[in-house]
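The structure appears right after this line, and notes come after that.
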Amino acid sequence: MQWHYSRYATPPPTKTSKNWFLIVNLVLAVTLSVISIIIELSAKPPVTRYDEARKAVAQARSLQANIYAPELLLTADLYLEQARQAWASENKRWIYRRDFNRTAQYAQKTIDAAEHAAMRATTVRDSLRWVASTGISLVKKRIDEIRPQFKDMPIDTYVRQKFALGEIFIMESEEAFKRGDYRRAVARYQVAAAKIGSAGDEVLQILDGYFVNTAKWRKWVQETIHWSAENDDIVLLVDKLAHICHVYKAGTEIAKFPVELGPNWLGHKRQRGDGATPEGRYRIKKKKANRQTVYYKALEIDYPNAEDWAQFNAAKRRGDIAARASIGGLIEVHGDGGKGANWTAGCVALRNSDMDKIYEMTKVGTPITIVGSLRGISTNPGRTQAVQYGSSPKP
Amino acid sequence: MKVKALVTVLVVVFAMALMLGCAKVPQQELDAAKAALDAAKAGEADRYAPEVYNAAKDSLNAALAEVEKQNSKFALFRSFKRVKDLVAKATTAANDAKDQAAVNKEKTRVEAEGLMAQAAPAVENVKKLMKKAPRGKEGKAALEAIGSELAAVEASLAEANTAMTNGDFLTARDKAQANLQKLTGLADELQQAIDKKYGRK
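First to last, the protein sequences are chains A and B.
Residue 10 is where the first sequence starts when you use the numbering used here, and the numbers rise one by one after that.
Residue 5 is where the second sequence starts when you use the numbering used here, and the numbers rise one by one after that.
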């Protein structure tokens with residue numbers, strides 16, 4: 010039979026073409042099945058593990074590991090990148106030849122490093138916050154302790170600047186702390202602590218030198234108070250460090266007044282014009298009021314005494330002071346105080362209202378003992394013998 | 005002949021399906037996201053907008069993971085739609101981080117500059133008060149002490165200026181704030197001395 014083909018007519022399928030169709034379909038089905046089996050049997054990428062690793066890194070970063078555990082976070086980041094590269098590298102191989110073990114291992118390493126970073130960041134952050142908070146409090150407390158001494162003590166400019174910088178650094182530390190930058194807060198507080206500590210050490214060094222005479226002061230103080238007790242009389246006791254004038258009667262303190270001294274009050278007076286207030290056992294040699302003094306009222310003391318002269322001459326011999334230096338004099342307890350500074354030329358200044366009281370309590374011959382400090386010295390009348398005062402004529 | 009044509013058509017269709025199914029990694033978008041993140045980092049977004057910056061970084065990491073996840077699949081089954089979404093998210097977050105960092109940085113700069121601007125007249129004020137303060141023997145030592153503290157403040161303010169110039173506005177702000185506090189303290193001390201002096205008169 011012969012077929013007549015028209016232009017649009019589709020030739021009826023032959024038996025051969027049906028066979029081919031079946032074969033092609035079969036080949037396709039087999040191919041797809043083989044592909045499915047290969048896919049099913051091939052290694053699976055560690056998607057979940059990798060996601061956990063990524064999330065662990067994100068978590069560590071959110072806990073500020075980039076600030077408080079940067080090395081560990083960097084390690085975690087590197088492991089994550091290595092895991093991704095290992096994954097990408099395996100993806101380039103034939104599907105049935107892939108092996109994602111390295112990817113999984115790096116992902117696990119990422120998780121470990123990231124968790125370590127997160128834990129470390131939290132610990133370091135909390136610990137830095139504590140260190141900064143405690144450190145700031147301690148340095149501020151130290152500043153509060155030292156500041157009053159700084160205010161009154163004759164201290165070198167560079168030490169003062171160091172102290173002021175310490176104060177500024179501690180304020181900077183507080184600012185950093187307020188905005189949660191604990192690493193910076195600690196760094197700033199450490200600088201402040203070093204500066205304040207160093208300035209404080211300088212003060213302590215000065216005070217250590219100052220307190221060398223404690224034994225001598227103790228003797229003077231105990232003898233003075235004992236004299237007061239024995240003679241049932243008034244004595245004045247000036248504590249230069251505390252800037253206090255104590256009044257004792259019959260061995261018992263009956264009043265105390267704040268005083269102001271010379272600008273170089275720290276240490277014994279060595280010569281005229283040194284701005285220092287002498288230390289020693291003296292007596293009032295003249296009481297001045299009205300036009301006798303420009304400082305309201307005054308009690309002139311018998312400085313220099315024999316001991317002062319001995320020290321002055323020895324210093325001259327050693328060359329510590331100029332050969333033409335004068336020992337000075339006219340040391341008084343006077344009024345016009347209350348200026349809030351050590352401003353006298355070596356005298357002891359009281360507020361006028363206090364001066365009135367002390368003027369009334371004392372007389373010519375009243376003992377006045379001036380010491381560097383009463384710190385650590387008992388002001389009990391004690392068992393020591395009362396002594397005579399200075400070298401000036403005794404009352 | 006017809007059978008051959010049919011087979012050819014099927015093979016072509018299969019090959020086309022393979023080719024069409026083999027979706028492409030949105031490399032251009034990925035590169036753009038990386039560039040946006042680098043730009044954010046360059047703009048100190050990690051310091052001035054850390055949360056948004058971290059979110060951008062994580063989105064990019066998630067996108068890169070998704071790329072590999074898709075690449076692990078048989079070519080016919082790959083789809084990079086989620087990658088594109090994550091990349092878009094990362095790019096947006098990176099741009100936001102950059103913008104926010106710029107805003108925050110500018111805010112800090114303005115704040116630091118404002119404090120620095122306040123510090124200069126505060127220094128002048130202390131100097132003016134020092135001239136008014138008691139200058140006699142009672143004030144000499146105190147004025148010397150305040151003078152040395154003022155010198156320390158000026159040195160610290162110079163450091164704050166350097167930090168400003170270097171673009172370290174947080175440091176500059178901290179320093180300026182601290183110095184202002186110190187200057188206020190010095191001015192108060194001087195004012196008290198002056199008040200005391202005039203009060204006594």
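Glycine included, C-beta positions come from ideal geometry on N, C-alpha and C.
Using 7 Å as the limit for Cβ to Cβ distance, is residue i near chain B?
i, result
"A67/A", "yes"
"S410/A", "Because chain A is modelled from 10 through 404, residue 410/A falls outside the range shown and cannot be assessed."
"T166/A", "yes"
"E124/A", "no"
"I340/A", "no"
"N100/A", "yes"
"A350/A", "yes"
"A173/A", "yes"
"Y59/A", "yes"
"P157/A", "no"
"P267/A", "no"
"R93/A", "yes"
"R63/A", "yes"
"M10/A", "Note that M10/A has pLDDT 45, beneath the 50 cutoff, so the model's placement of it is unreliable and no number is given."
"P272/A", "yes"
Tell me the residue span of the beta strand (DSSP E) that contains residue i.
i, result
"T57/A", "Looking at the DSSP string, T57/A is not in any beta strand (DSSP E); the run it does join, the alpha helix (DSSP H), is V56 to S71."
"G289/A", "G289 to K297"
"V342/A", "E341 to H343"
"T378/A", "P376 to V380"
"L308/A", "A307 to I310"
So is residue i in contact with chain A if we call contact Cβ pairs under 7 Å?
i, result
"A69/B", "yes"
"N58/B", "yes"
"E153/B", "yes"
"S160/B", "yes"
"D100/B", "no"
"K205/B", "In this prediction, K205/B scores a pLDDT of 41, lower than 50, which makes its location untrustworthy; no coordinate-derived value is stated."
"D199/B", "no"
"A137/B", "no"
"A156/B", "yes"
"D42/B", "no"
"A191/B", "no"
"D89/B", "no"
"N165/B", "no"
"D103/B", "no"
"N65/B", "yes"
"E146/B", "In the sequence under discussion, the amino acid at residue 146/B is Ala, which differs from the Glu named in the question. So, interface residue."
"D172/B", "no"
"Y202/B", "no"
"D62/B", "yes"
Who are the neighbours of residue i on chain B, taking C-beta pairs under 9 Å?
i, result
"Y105/A", "Within 9 Å Cβ-Cβ: nothing; Y105/A doesn't reach chain B, min ~11 Å."
"W96/A", "A69, E72, K73, N75 and S76"
"N75/A", "D50, P54 and N58"
Against residue i, what residues of chain B qualify as contacts under a CB-to-CB distance less than 8 Å, listed in chain order?
i, result
"P54/A", "E72, K73 and S76"
Starting from residue i, find everything on chain A with Cβ-Cβ shorter than 7 Å and list it in chain order.
i, result
"A149/B", "R169"
Report the neighbours of residue i on chain A: residues whose CB is nearer than 8 Å to its CB, in chain order.
i, result
"K179/B", "I177 and E181"
"Q185/B", "M180"
Cβ closer than 7 Å: which chain B residues qualify as neighbours of residue i?
i, result
"I48/A", "F78"
"E184/A", "D178, Q181 and A182"
"I44/A", "F78"
What residue does the alpha helix (DSSP H) around residue i start on, and which one ends it?
i, result
"G284/A", "First-last for G284/A: undefined, no H or E at that position."
"M162/A", "M162/A -> no alpha helix (DSSP H), and no H or E assigned at all."
"S76/B", "From DSSP, S76/B is part of no alpha helix (DSSP H); its letter is neither H nor E."
"P79/A", "P79 to N100"
Item to check | Three CB pairs or more closer than 8 Å across the segment 194 to 209 of chain A and the segment 184 to 195 of chain B | outcome: no
Item to check | contact_flag[the segment 223 to 241 of chain A, the segment 255 to 272 of chain A] where n(CB pairs < 8 Å) is 3 or more | outcome: yes
Next on the checklist: Is it the case that the segment 148 to 160 of chain B contacts the segment 95 to 106 of chain B, given that we only count it when at least three CB pairs across the two stretches are under 8 Å?
Outcome noted: no
Next on the checklist: In chain order, what are the residue ranges of uninterrupted beta strand (DSSP E) at least 3 long that sit wholly in the segment 25 to 56 of chain B?
Outcome noted: none
Checklist entry - Hey, is the segment 209 to 221 of chain A in contact with the segment 265 to 274 of chain A, meaning 3+ C-beta pairs nearer than 8 Å? => result no
Checklist entry - Which ranges does the alpha helix (DSSP H) cover as unbroken runs of at least 4 residues, wholly within the segment 211 to 282 of chain A, from first to last along the chain? => result 223 to 240
Checklist entry - Which whole runs of the alpha helix (DSSP H) in the segment 123 to 186 of chain B are 4 residues long or more, in chain order? => result 141 to 169
Checklist entry - Three or more C-beta pairs closer than 8 Å, one from the segment 101 to 111 of chain A and one from the segment 150 to 166 of chain A: is that the case here? => result no
Checklist entry - For the 8 Å Cβ check, are there 3 or more pairs between the segment 227 to 234 of chain A and the segment 318 to 336 of chain A? => result no
Next on the checklist: Three Cβ pairs or more, each shorter than 8 Å: is that satisfied between the segment 39 to 59 of chain B and the segment 30 to 41 of chain A?
Outcome noted: no
Checklist entry - Between the segment 66 to 84 of chain B and the segment 121 to 133 of chain A, do at least 3 Cβ pairs fall closer than 8 Å? => result no
Checklist entry - Taking one C-beta from the segment 347 to 356 of chain A and one from the segment 288 to 303 of chain A each time, how about it: are there three or more such pairs within less than 8 Å? => result no
Item to check | beta strand (DSSP E) runs contained entirely in the segment 320 to 373 of chain A, provided each spans 3 or more residues | outcome: 341 to 343
Item to check | Three or more C-beta pairs below 8 Å linking the segment 87 to 98 of chain B and the segment 124 to 144 of chain B | outcome: no
Next on the checklist: Can you confirm whether the segment 109 to 117 of chain A touches the segment 157 to 174 of chain A when touching is taken to mean that 3 or more C-beta pairs between the two stretches lie within less than 8 Å?
Outcome noted: no
Next on the checklist: Across the segment 140 to 148 of chain A and the segment 193 to 200 of chain A, are there enough close Cβ pairs to call them in contact, namely three or more that are closer than 8 Å?
Outcome noted: yes
Next on the checklist: Assess contact between the segment 316 to 328 of chain A and the segment 118 to 127 of chain B, defined as three or more Cβ pairs (one per stretch) separated by less than 8 Å. Is contact present?
Outcome noted: no
Checklist entry - Counting Cβ pairs, one atom from each stretch, are 3 or more of them under 8 Å apart for the segment 63 to 72 of chain A and the segment 83 to 102 of chain A? => result yes
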